[in-house]
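Taking it in order: structure first as structure tokens, then the write-up.
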Amino acid sequence: MIFALQRQEMNKYPIRLTQLVHENLSVIMSVAYSRAPLIELMQKNFVGEWKYLGKAIFEVGEERANRAITELALLLRILDDEERITDYHKQIGTHWKCGSLVLENDERVDLSFREFSNKVIHAKTFKWEYSVGVPPRLKCYARDDDHRKWKLAEVDLVGLAGFCGQFMS
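Numbering (the working numbering), first residue to last: 14 to 182.
Here it is in structure tokens:
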């Protein structure tokens, strides 16, 4: 299903929302999926500690990905509020899974795209998780004073990409 947002609706914004969704998704996926090849590059080509090179190719990219994931969450909230995508999914009996939400009682539930946005916006911190043989994930940790009854949101970047890839830009 492709979401073709009506031109008159999109023209009321001073920015092209779906284009920005795609731009931020591009940054997120590029940073997340380039880490393993960059580690290999460092190991094969540089001996010893290369502090500033490591900072340039890992830390700077991760900071940009943090900003991109935050912007993406805000953009998706705006799109959902204006275009009622969540309501549409409820009407047709579907939802898009963007990961898992771990509740205070350790129960795991699906993370919808709307909840993805909420959890990123309200997270205390993010942590990118890279494991051999497992796709990269983003973990969002709840604030200590958050009374929304969740501990952790684990964002499935492939699911998120699939959702964002439905928008025309």
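All residues carry an ideal CB built from backbone N, CA and C; glycine is no exception.
Please report how far the alpha carbon of Trp63 lies from the alpha carbon of Ser47, in whole angstroms. 18 angstroms
Mapping DSSP to helix, strand and coil, what is Lys64? helix
Separation of Cys177 from Phe69, as counted between CA atoms: In the sequence as presented, Phe is not what sits at residue 69; that position holds Ala. So the alpha carbons of these two residues sit roughly 28 angstroms apart.
Which complete beta strand (DSSP E) runs does the stretch 66-106 hold, if anything under 3 residues is left out? none
Starting from the C-beta of Gln32, find all residues in its chain whose C-beta is less than 8 angstroms away, skip the five residues before and the five after it, and write them out in chain order. Ser182
Tell me the rounded alpha-carbon separation between Glu53 and Phe59. 10 angstroms
If you reduce the DSSP assignment to three classes, tell me which class Phe59 lands in. coil
Three-state class that DSSP yields for Gln21 in the structure shown: Residue placement at Gln21 is flagged as unreliable, the pLDDT there being 47, under the threshold of 50; a coordinate-derived value is accordingly withheld.
How is the beta strand (DSSP E) around Phe139 delimited, first residue to last? 136-144
With Gly172 as the anchor, note down where its alpha helix (DSSP H) starts and where it stops. 170-177
Where does Lys162 fall in DSSP's three states? coil
For Gly112, is the classification buried or exposed, using 16 other Cβ atoms within 10 angstroms of its Cβ as the cut-off for buried? buried
Would you call the stretch 131-150 and the stretch 158-174 in contact, with 3 or more CB pairs under 8 angstroms? yes
Consider the Cβ of Ile52: report whether some Cβ of chain D lies at a distance smaller than 8 angstroms. This model lacks chain D altogether; it includes just one protein chain.
Three or more C-beta pairs below 8 angstroms linking the stretch 75-95 and the stretch 29-44: yes
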